[in-house]
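To start, the structure itself, in structure tokens.
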Amino acid sequence: MISSDSEKLQETLLDLQRTQERETQLRIENAAILEGVSAMAGANNKRQVFNSLLEVLRKFIAFDNAIVLTRDDEASDLQVLMSTVTALDLSHWQVSSTFNRCINGECIALYSPKDIEEFKNKSPDLLNICHSSLITGVKISSGDAMIILMSCEKGHFTSSCRRVLNRFRPLLERAIIDIDYRERLQSLVTARTQELIHSQQRFKDFARTVGDWFWEIDTDYKFSYISAPQIANHLIDKDNILDFFGDHEDFKQKFRTQLQQNKSFEDLEWQLFIDEKEQWLSFSGTPYYSKHGVLLGYRGTVKNITVRKKRLFDLQQARQQAEAANKAKSQFIAMMSHEIRTPLNAVLGLMDMLSSSGLENEQQQWLGQMEQSAHLLLTIINDILDLSRIESGSFELFNSNINLSNSIVLVKNQLQPEANKKGILLECNISKSIPEYIFADKNRIIQIMFNLIGNAIKFTDDGSVKIVANKIDNDIEISVFDTGIGIAEDAQENLFHPFHQADGSITRKYGGTGLGLTISQLLIKKMHGNITLNSQLGVGSCFKIIFPINPAIDQITSLTTDKLTHSTRPLDILLAEDSPTNQLVAKLMLERRGHKVTITNHGQEAVLKLLQCHKTYDLVLMDISMPVLDGLEATKHIRKLNINIPIVALTANAMQSDQFLYQQAGMNGFLAKPIQPEELDLMLEKYQNLKSISKVSS
1 MISSDSEKLQ ETLLDLQRTQ ERETQLRIEN AAILEGVSAM AGANNKRQVF
51 NSLLEVLRKF IAFDNAIVLT RDDEASDLQV LMSTVTALDL SHWQVSSTFN
101 RCINGECIAL YSPKDIEEFK NKSPDLLNIC HSSLITGVKI SSGDAMIILM
151 SCEKGHFTSS CRRVLNRFRP LLERAIIDID YRERLQSLVT ARTQELIHSQ
201 QRFKDFARTV GDWFWEIDTD YKFSYISAPQ IANHLIDKDN ILDFFGDHED
251 FKQKFRTQLQ QNKSFEDLEW QLFIDEKEQW LSFSGTPYYS KHGVLLGYRG
301 TVKNITVRKK RLFDLQQARQ QAEAANKAKS QFIAMMSHEI RTPLNAVLGL
351 MDMLSSSGLE NEQQQWLGQM EQSAHLLLTI INDILDLSRI ESGSFELFNS
401 NINLSNSIVL VKNQLQPEAN KKGILLECNI SKSIPEYIFA DKNRIIQIMF
451 NLIGNAIKFT DDGSVKIVAN KIDNDIEISV FDTGIGIAED AQENLFHPFH
501 QADGSITRKY GGTGLGLTIS QLLIKKMHGN ITLNSQLGVG SCFKIIFPIN
551 PAIDQITSLT TDKLTHSTRP LDILLAEDSP TNQLVAKLML ERRGHKVTIT
601 NHGQEAVLKL LQCHKTYDLV LMDISMPVLD GLEATKHIRK LNINIPIVAL
651 TANAMQSDQF LYQQAGMNGF LAKPIQPEEL DLMLEKYQNL KSISKVSS
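In terms of UniProt numbering, the sequence shown is residues 1 to 698.
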């Protein structure tokens, strides 16, 4: 009985001793936890927090290295938050069953980590320092976290180590949360710092680009900030911004006025000279206010725009030079046109005389070929002159009421012999929906139709050329179809460019300058229309022009008066011409038509002749370019003398603007050189009819 009581007493004493030891151990651990919490609370960064945690753990658990891993969600890998091994800071850890158990609260000791799924793909450096490990996990507000204690010895961690680590779980949670918070805070601070650095750099880059100098002044115009002490090699040593402008009172007053308006302003330019070199500065500024709306001063920038000003000046100079060159080109072309037309007038005139002089058939054929070549030369001159005028902007349309259908038929009839000669069908289909009269430039429409229909006939050897005209809504649409050689797709792009044709062989085989389509396109654009092309090589082409209908201004009524019988009355004509050859040509052409011709060599002779006997003459043909007194001045003198005899300009200056000048000077008509027999006949017929009417009235 005594022995039994003694054993119970011994057991009780042992339990008491163990309890006292546990209490002592708990007091030590609690003290360590409190010490660790205190150390972490005083830590300045996450590394100090981590070291404080490890220092507490090492008092109870021996280990060589430690890693803290975290993740934001269950689908992600674990990443290193803190580590005692720098080489492991950027490593990623996949989560399998072992790590999942740890995250859910277990504390696991691994005696051979390399055999665990999570460690299999780790680097040899890690496995060499981790022959055993102790792992546990905690839940934190941002996700999951784990701590891995590693030892270089196998089987190092015991169940006692697991118990201690579980006991220190609150400290682990506190430390990891603190480290994670500091990590996130540090990342945020780093990101904000980086953004600030980028923003500052961006501002500096903009500043270098936008303005050379930043300034800020108060309401008394005194500097409160200057970004640089000098600008454009000009030192800023003044307290007041107005003093910076020195003796430039005009600009100083202009700058003060801008500030006093309390509005933003831009590009206030100031010219100054530094070391005898011109400098240009551009000022921009804006007022700024307190949060209560009180004006505090002004802020702005200054840019050195000397280079920009020089570039602008150079561009203006280049433009003036280009305009001068373009004007010189136009003058040169006009002069060359005059110089070529003058001898060409003699050539065509004399050939016209020869054709009626009883030549043999073979000689007539030669003469016909010569005349055709001369007319081709005249066409080239007219094309170049037209292109130059349109490109220079000195070209205007001269609109009037015209019968469009008659104009198209006129061109068709004139080109019919060319089609007959080649044995191709030329047909015309004009819709009745087209108005009888429209307001347009008849000559230019005829010119466009001549180009399109003439080209169609030129490039068609078999088949037909068809002209179709329709009214589409409020537009006129004219299409010219042909069954000719067609145009390759790659050649169509350049077809409307000056001097371009489909290929070089076209020029050799068919001739031409390549200006016809260019001029046609420019003319159509001037009429607010457009021209299009649809062509297939070897099949044919279709050129289509569309332009808006401008209604006729006045209603056209048919004349009910009987037509005058063509008069055959001879005219007494005074010819003012300085070229002996052209005198001969004009005299022969007029006398062959039964008229009497008196020749004067310049304008002054013509004026004197009319002063003596102006009633003797029915008509004056006046050249423009003559020595002593030109045709324009001579006409003005004649009109000042109240001599109302009809005066017709006879000149190679064939531009429309020239014709307007002739009309302003008092001339009644215009006859271009080279003189075309048809135009000469029409002009003479007009004044023959006038003479007949005058005789009847008398």
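Glycine included, C-beta positions come from ideal geometry on N, C-alpha and C. All figures in this text were calculated on a predicted structure; none of them were measured in a lab.
Item: Collapsed DSSP secondary structure at Lys310 in the structure displayed; Value: helix
Item: Proximity to Met667 [Cα-Cα], best of Ala145, Val302, Leu110 and Ile647; Value: Ile647
Item: Opening and closing residue of the beta strand (DSSP E) in which Glu216 lies; Value: Trp213 to Asp218
Item: Cβ shell of Ile177 (< 6 Å), same chain only, five flanking positions each side left out; Value: Ile140
Item: Where the alpha helix (DSSP H) containing Asp250 begins and where it ends; Value: Glu249 to Gln260
Item: Length of the line joining the Cα atoms of residue 708 and Ile148; Value: Since the first and last residues shown for the chain are 1 and 698, residue 708 lies out of range.
Item: Residue from Ala75, Asn304 and Leu425 with nearest C-alpha to Thr483; Value: Leu425
Item: Beta carbon of Lys222 nearer than 9 Å to that of Ile241; Value: yes
Item: Close beta carbons around Gln260, own chain, < 8 Å, minus the five adjacent residues each side; Value: none
Item: Same chain, Cβ closer than 6 Å to Lys691, neighbours up to 5 away in sequence not counted; Value: Arg569 and Asp618
Item: Lys615, DSSP secondary structure in three states; Value: helix
Item: CA-to-CA distance, Glu679 to Met589, given in whole angstroms; Value: 12 Å
Item: Rounded separation between Phe273 and Lys329 - CA only; Value: 39 Å
Item: C-alpha gap between Gly669 and Ile305, whole angstroms; Value: 57 Å
Item: Given Asn534 as reference, the closest of Glu577, Gly486, Asn550 and Ile524 once Cα atoms are compared; Value: Gly486
Item: Same chain, Cβ closer than 7 Å to Thr616, neighbours up to 5 away in sequence not counted; Value: Asp572
Item: Collapsed DSSP secondary structure at Lys458 in the structure displayed; Value: helix
Item: Contact under 9 Å by Cβ, Leu629 with Gln604; Value: yes
Item: Extent of the continuous beta strand (DSSP E) to which Asn534 belongs; Value: Asn530 to Gln536
Item: CA-to-CA distance, Pro113 to Leu171, given in whole angstroms; Value: 25 Å
Item: Where Ser52 falls, given that 16 or more other Cβ within 10 Å makes a residue buried; Value: buried
Item: Closer than 8 Å: Asn45 CB and nearest the ligand SAH heavy atom; Value: Absence of the ligand SAH from the depicted structure is noted, as is the absence of any ligand whatsoever, leaving it without description.
Item: Alpha-carbon spacing of Met370 relative to Ser464, whole angstroms; Value: 29 Å
Item: 9 Å Cβ cutoff met for Ser151 and Glu117; Value: no
Item: Distance between Lys120 and Gly105 (C-alpha atoms, nearest Å); Value: 23 Å
Item: 9 Å Cβ cutoff met for Ile467 and Phe481; Value: yes
Item: Top-ranked residue by Cα proximity to Tyr298, from Gln365, Asp220 and Leu281; Value: Asp220
Item: DSSP three-state assignment for Glu493, whether helix, strand or coil; Value: coil
Item: Cβ contact check for the stretch 633–648 and the stretch 585–599: 3 or more pairs under 8 Å; Value: no
Item: DSSP three-state assignment for Gly423, whether helix, strand or coil; Value: coil
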